[in-house]
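Following: one structure in structure tokens, then a few remarks.
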Amino acid sequence: MVTPAAKRKAVAHLRDAFGMSERRACKAIGCCRMTMRYQTTRADDAGLRQRMRAIAQERRRFGYRRLHVLLKREGYVINHKKLFRLYREEKLAVRRRGGRKRAIGTRAPMTVPMAPNDRWSLDFVSDQLTDGRRFRILTVVDDCTRECLALVADTSLSSPRVARELDRLMIERGKPKMVVSDNGSELTSNAILTWADQSRVAWHYIAPGKPMQNAFIESFNGRLRDELLNETLFTSLAQARVALGCWRADYNEARPHSQLGWKTPSEFAFTCHPRRSRRCAMPRAPRRLPPLPPSNRANPTAGANSGLDKTWGQGHSVLKA
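If you use the working numbering, the sequence shown corresponds to residues 6 to 326, in order.
As structure tokens, this is what we get:
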């Protein structure tokens, strides 16, 4: 009984069940009588709470930040700190699943691509149907816009099938400059190497045992598993394909992305000018004056007739005067 509401409930129970007076019940509980009689003037926000619960029930793996973005889209004007308080009071906190192994050692930051189709990342995710049959999902992501380009589900995904899916994406989206993947057998086969050579696309393999080097697709796979695969039981491969298509459309068109300023990937791809907004100006090194000859280091102003620049010597002479 820590909260005032719990203490009020306990005092009411003692009064109703045992016939205690309010003074005696408060003394037994250790509650101040002012706390018992206090009437809050804070609005209960019943409509906001109801809508927040509805969205949280629909999107069970969304935290309060994404709920805040979705509520703002619907016209609710609320401070994020107040929303967090209501979020905790409604007990909507997302439970973390398991733990992760943390990488040890130094890690170089991954360079961010500057334009769409600069770099694609792809990987495989596995799941199983209710009858125990396993299937795999080919995931492809544009690392600049964070758009999910493809979710291909099948019981077997060979390297020629992967090459055909990449050809289809190139027709729809254009040719990427680079593709990043791990060292799986399907992605290191002759079919993929031949496709990359014929398409003139640079294919970069990450170091073995270093999934953090392909962080964009690994983060996407975590969202896919957390928000869809762990929440849905698939009875057939056809149902899985339909669900993956719906989730991909929702991910690209409706789901706010924290790394894109809470825009959706489609909004970011439509409105951004990557080369103009992400250009980084490298700091210029300051101009260094030429070193003094050994004979004039003790008295810099005496080098006016030396091989140094004449203006440099005159400036030091003025300072000395």
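Note that the Cβ used here is the ideal one computed from N, Cα and C, for glycine as well.
Computed from a predicted model, the values in this text were never measured in an experiment.
Interface flag, residue i vs chain D, CB-CB below 8 Å
{"i": "residue 41", "result": "Judged by its chain identifiers, the structure shown contains no chain D, having just a single protein chain."}
Opening and closing residue of the alpha helix (DSSP H) in which residue i lies
{"i": "residue 206", "result": "It is not in any alpha helix (DSSP H) - residue 206 carries neither H nor E in the DSSP assignment."}
{"i": "residue 227", "result": "220-232"}
{"i": "residue 252", "result": "242-258"}
{"i": "residue 172", "result": "164-178"}
{"i": "residue 63", "result": "51-63"}
{"i": "residue 272", "result": "270-276"}
{"i": "residue 41", "result": "38-42"}
Run of the beta strand (DSSP E) containing residue i, from where it starts to where it stops
{"i": "residue 25", "result": "No beta strand (DSSP E) contains residue 25, which DSSP labels as neither H nor E."}
{"i": "residue 186", "result": "183-186"}
Distance between residue j and residue i (C-alpha atoms, nearest Å)
{"i": "residue 124", "j": "residue 183", "result": "5 Å"}
{"i": "residue 280", "j": "residue 268", "result": "Below a pLDDT of 50, predicted positions are generally treated as unreliable, and residue 280, at 45, falls in that range; the measurement from the model is reported next regardless. Each residue's alpha carbon lies about 18 Å from the other."}
{"i": "residue 9", "j": "residue 41", "result": "8 Å"}
{"i": "residue 177", "j": "residue 119", "result": "20 Å"}
{"i": "residue 217", "j": "residue 257", "result": "23 Å"}
{"i": "residue 60", "j": "residue 100", "result": "16 Å"}
{"i": "residue 229", "j": "residue 251", "result": "12 Å"}
{"i": "residue 272", "j": "residue 180", "result": "21 Å"}
{"i": "residue 192", "j": "residue 223", "result": "16 Å"}
{"i": "residue 34", "j": "residue 12", "result": "7 Å"}
{"i": "residue 112", "j": "residue 215", "result": "Bear in mind that a pLDDT of 36 at residue 112, under 50, signals an unreliable position, so the number given afterwards is only what the model happens to contain. Spanning the two alpha carbons is a distance of roughly 10 Å."}
{"i": "residue 174", "j": "residue 88", "result": "41 Å"}
{"i": "residue 244", "j": "residue 232", "result": "16 Å"}
{"i": "residue 26", "j": "residue 18", "result": "11 Å"}
{"i": "residue 66", "j": "residue 86", "result": "20 Å"}
{"i": "residue 169", "j": "residue 206", "result": "15 Å"}
{"i": "residue 189", "j": "residue 79", "result": "44 Å"}
{"i": "residue 122", "j": "residue 209", "result": "15 Å"}
{"i": "residue 161", "j": "residue 14", "result": "59 Å"}
{"i": "residue 275", "j": "residue 203", "result": "30 Å"}
{"i": "residue 22", "j": "residue 45", "result": "26 Å"}
{"i": "residue 24", "j": "residue 77", "result": "49 Å"}
{"i": "residue 225", "j": "residue 270", "result": "12 Å"}
{"i": "residue 253", "j": "residue 32", "result": "59 Å"}
{"i": "residue 29", "j": "residue 98", "result": "38 Å"}
{"i": "residue 255", "j": "residue 62", "result": "16 Å"}
{"i": "residue 74", "j": "residue 266", "result": "10 Å"}
{"i": "residue 195", "j": "residue 81", "result": "55 Å"}
{"i": "residue 133", "j": "residue 213", "result": "26 Å"}
{"i": "residue 7", "j": "residue 227", "result": "37 Å"}
{"i": "residue 135", "j": "residue 20", "result": "53 Å"}
Cβ pair residue i, residue j closer than 8 Å
{"i": "residue 139", "j": "residue 131", "result": "yes"}
{"i": "residue 64", "j": "residue 91", "result": "no"}
{"i": "residue 128", "j": "residue 144", "result": "yes"}
{"i": "residue 200", "j": "residue 171", "result": "yes"}
{"i": "residue 16", "j": "residue 36", "result": "yes"}
{"i": "residue 57", "j": "residue 94", "result": "no"}
{"i": "residue 211", "j": "residue 185", "result": "yes"}
{"i": "residue 235", "j": "residue 187", "result": "no"}
{"i": "residue 164", "j": "residue 197", "result": "yes"}
{"i": "residue 249", "j": "residue 142", "result": "yes"}
{"i": "residue 221", "j": "residue 167", "result": "no"}
Contained beta strand (DSSP E) runs [length at least 3] in the stretch 71-153, N- to C-terminal order: 125-133 and 139-147
At least three beta-carbon pairs within less than 8 Å, the stretch 234-248 to the stretch 45-54: no
Segment contact flag, the stretch 261-272 with the stretch 142-151, C-beta cutoff 8 Å, min 3 pairs: yes
The stretch 28-42 / the stretch 69-79 touching (three or more Cβ pairs under 8 Å): no
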